[in-house]
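Colleague: Mind the numbering: the sequence shown is residues 49 to 298 in our numbering, read in order. All C-beta atoms in this analysis are idealised placements derived from N, C-alpha and C, irrespective of residue type, glycine included.
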Amino acid sequence: MEKLIVIIIVLLSSLPLMGKTKKVVFASANYAPYYYLNEDNEITGSAVAVTKKMAEHINLDVDFKIFPWKDCLSKVESGEIEGILTTFKVEERERFLFFPRFGTALEEFGVFTSPNYKGEKIVEIKSLEGLKVGFINNYIYPQELLDYAEYDKVYGNTQEDLMQLLAMGKIDVMIGDVKSGNFYLKKLENGEKCNLMPLVFSIKPSYLAISKKTENSKELYERINKELTRMKLSGEIYQIQSTFEKELDK
Numbered sequence: 049m050e051k052l053i054v055i056i057i058v059l060l061s062s063l064p065l066m067g068k069t070k071k072v073v074f075a076s077a078n079y080a081p082y083y084y085l086n087e088d089n090e091i092t093g094s095a096v097a098v099t100k101k102m103a104e105h106i107n108l109d110v111d112f113k114i115f116p117w118k119d120c121l122s123k124v125e126s127g128e129i130e131g132i133l134t135t136f137k138v139e140e141r142e143r144f145l146f147f148p149r150f151g152t153a154l155e156e157f158g159v160f161t162s163p164n165y166k167g168e169k170i171v172e173i174k175s176l177e178g179l180k181v182g183f184i185n186n187y188i189y190p191q192e193l194l195d196y197a198e199y200d201k202v203y204g205n206t207q208e209d210l211m212q213l214l215a216m217g218k219i220d221v222m223i224g225d226v227k228s229g230n231f232y233l234k235k236l237e238n239g240e241k242c243n244l245m246p247l248v249f250s251i252k253p254s255y256l257a258i259s260k261k262t263e264n265s266k267e268l269y270e271r272i273n274k275e276l277t278r279m280k281l282s283g284e285i286y287q288i289q290s291t292f293e294k295e296l297d298k
C-alpha cells in the first residue's frame, strides 16, 4: 500500500503544470510605452498588459523586473530568469531563446531631430552626414545604418537618456522607436521642439522570448506560444494594445 502511495505521488508530481500556477520571472529594460516603471512605482506598459492577460489565461504567476538591457540578455541567456520582453528576433538570440509565433508589440524605428537642427528633412541615410546621431546600447539596428561612417555615433543606455540629450541639443539626431520617443518628448522641456523625420528604418515585432536554460523551458514556451497565437488571431492583443494607448493619451 505504501509503495502504491509513493508511485501515485511521483506520477502526480511529474504531470504537466497545466492546472497549476507556475511562478516565473520576466524582465526588460525601462522602455516606455512598452515596459516601464510608472509614477506609482509599478511596472506597466502595453507589452506588459498583453503578457499579464496571457499569463492569466494559462495560470502563470509573473514577477516583472527591470534591469539594464545588457543584464536582461545575460540573465535570460544563463537561465537566471525565464523570459525577456521587447526583444527582437535575431539569429544570435535564437541560440538561447525560444521565440513565439507572434510578438507582444510592433515597433517602428524612425529619426528624431533636436530643436537645434536646421537642415533639410532626413529622407535617407546620407542625410545623416556630419551629424551627431544617438543610438541605444545593445539594440538591434539595420546593418546599413551601422556601416555608414559619415556621422558621429553617440551611445546611451536607454532611449529615455538619448531623448533627454536630443531635447537639450547635445545630439542632432536620435534613431529609435517612434512611440517610445514621443512618450518621452511629451515629458521633456523643449520636447515639443523636436521633430520626427519621414525616414523609417524598420517596422517589426518585438517579443516575449523564453530562456532555453530554465527548467521545463520548452513546455513553458509551448504554452505561451499557443496562447499568444490564440490571442493574436482573435484580435485580443490588438484590443489590449489599443486600450492601453488610449489610456495613455488621456
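Comparing alpha-carbon positions, which option in 198, 228, 196, 193 lies nearest residue 210?
Modeller: Taking only the C-alpha atoms, the option nearest residue 210 is 228.
Colleague: Just reading off the alpha helix (DSSP H) that residue 211 is part of, what are its end residues?
Modeller: Element bounds for residue 211: 207-215.
Colleague: With DSSP as the reference, label residue 272 as helix, strand or coil.
Modeller: Helix at residue 272.
Colleague: Assuming residue 260 and residue 115 make a contact with CB atoms under 8 Å, what is their CB distance in whole Å?
Modeller: The pair is not a contact, with the Cβ atoms about 19 Å apart (cut-off 8 Å).
Colleague: Counting only runs that start and end within the stretch 112-165, where is the beta strand (DSSP E) found for 3 or more residues in a row?
Modeller: Runs found: 131-135, 153-161.
Colleague: With the cut-off set at 8 Å, would you say residue 221 and residue 183 are in Cβ contact?
Modeller: Going by C-beta atoms, residue 221 is not nearer than 8 Å to residue 183.
Colleague: Give a yes or no on whether the C-beta atoms belonging to residue 242 and residue 175 are separated by under 8 Å.
Modeller: No.
Colleague: Which residues in the same chain have their Cβ closer than 8 Å to the Cβ of residue 273, if we skip the five residues on either side of it in sequence?
Modeller: Around residue 273: 146, 148, 149.
Colleague: Check whether the Cβ atoms of residue 195 and residue 180 lie closer than 8 Å to each other.
Modeller: No. Outside cutoff.
Colleague: Would you call residue 286 buried or exposed, if buried means 16 or more other Cβ atoms sit within 10 Å of its Cβ?
Modeller: Exposed, by the Cβ-count rule.
Colleague: Taking buried to mean at least 16 other C-beta atoms within 10 Å of its own C-beta, is residue 281 buried or exposed?
Modeller: When all chains shown are included, residue 281 counts as exposed.
Colleague: At what residue ranges does the stretch 211-291 contain a whole run of the alpha helix (DSSP H), taking only runs of 4 or more?
Modeller: Whole alpha helix (DSSP H) segments, 4+ residues: 226-233, 265-282.
Colleague: In this structure, does DSSP put residue 194 in helix, strand or coil?
Modeller: Of the three classes helix, strand and coil, the one that applies to residue 194 here is helix, per DSSP.
Colleague: Which term fits residue 246, buried or exposed, when burial requires 16 or more other beta carbons within 10 angstroms of its beta carbon?
Modeller: Looking at its Cβ environment, which holds fewer than 16 other Cβ atoms inside 10 Å, residue 246 is exposed.
Colleague: Please report the Cβ distance between residue 84 and residue 153, rounded to the nearest whole angstrom; I am assuming they are in contact, meaning their Cβ atoms lie under 8 Å.
Modeller: Actually they do not touch by this definition, with Cβ atoms about 12 Å apart.
Colleague: Using only alpha-carbon positions, find the residue among 73, 69, 88, 95 that is nearest to residue 255.
Modeller: Here the closest residue by C-alpha is 95.
Colleague: Quick one: what's residue 184 bridged to in DSSP?
Modeller: In the DSSP output, where bridge partners are listed per residue, residue 184 has 204.
Colleague: On the DSSP letters alone, give me the boundaries of the beta strand (DSSP E) that residue 73 sits inside.
Modeller: Start and end: 70-76.
Colleague: Tell me the rounded alpha-carbon separation between residue 206 and residue 79.
Modeller: Whole-angstrom Cα-Cα distance: 7 Å.
Colleague: What does DSSP give as the partner residue(s) for residue 92 in the beta ladder?
Modeller: In DSSP, residue 92 forms a bridge with 84.
Colleague: Do you know how far the Cα of residue 86 is from the Cα of residue 268?
Modeller: Roughly 28 Å separates the two Cα atoms.
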